[in-house]
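Take the first sequence: its letter number 19 is residue 18 in numbering that gives the first Met the number 0, and every next letter is one higher. The beta carbon of each residue, even a glycine, is placed where N, CA and C say it ideally should be. Before any comments, here is the structure.
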Amino acid sequence: MSPAFELAVLALVRQIPPGRVSSYGVLAAAAGFPRHARHVGKLLGSLPDGHDLPWHRVVNSAGKLSRPGSEQADWQRVLLEQEGVEFSASSAISLFRYGWPDHAYLRAKAR
DNA sequence: GCAGTGACTTTAG
DNA sequence: CCTAAAGCCACTG
């Protein structure tokens with residue numbers, strides 16, 4: 000992957016405010032690389048220990064955590080709940096309430 | 001170069 | 001927003 004891609008994505012993740020969440024696809028597009036959502040995931044999954052990125056604020060387009068059942072998923076959920084993010088009964092987050100940037104607005108604008 | 005793989009997304013029902 | 005199916009792109013063997 001190009002370094003530009005990684006740098007842009009990492010910079011965006013750092014800008015996600017506490018209590019808000021973004022999605023892989025949105026970040027990829029915002030970074031200038033549409034259709035590279037899977038690579039954002041791969042990038043976050045290969046981050047070295049001790050980084051300062053709020054990776055837990057990144058979920059998929061359905062507002063759910065990836066790799067369910069994993070330890071990191073549980074940890075991610077705890078971190079988000081501590082920031083005030085609410086999970087539905089089906090373990091999903093309302094992107095209309097917590098999505099960043101404003102999910103509904105951006106999608107309407109893109110079309 | 002082909003086939004499999006994956007922290008994904010979109011469209012349709 | 002739930003499920004199912006197809007598309008997508010870089011990486012790996």
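Following the DSSP letters along the chain, one finds alanine 10 inside the alpha helix (DSSP H) bounded by residues 2 to 13. Remark: C-beta atoms of asparagine 59 and serine 89 do not approach each other more closely than 7 Å. Straight through space, the alpha carbons of glycine 24 and arginine 96 are spaced by roughly 18 Å. With contacts defined by Cβ atoms closer than 7 Å, leucine 64 and valine 12 do not form a contacting pair. Around the CB of histidine 50, fewer than 16 other CB atoms lie within 10 Å, so the residue is classed as exposed. Between alanine 29 and valine 39 a beta carbon distance of about 10 Å is seen, past the 8 Å cut, so the two are scored as non-contacting. DSSP places valine 77 in the helix class (H, G or I) of the three-state scheme.
Look at alanine 91 here: in three-state DSSP terms it is strand. Looking at the backbone, the Cα of isoleucine 15 and that of proline 67 are separated by about 22 Å.
The beta-carbon distance between glutamine 75 and histidine 102, rounded to whole angstroms, is 19 Å. This is too long to meet the 8 Å contact definition. Note on geometry: alpha-carbon atoms of histidine 35 and alanine 7 lie some 12 Å from one another.
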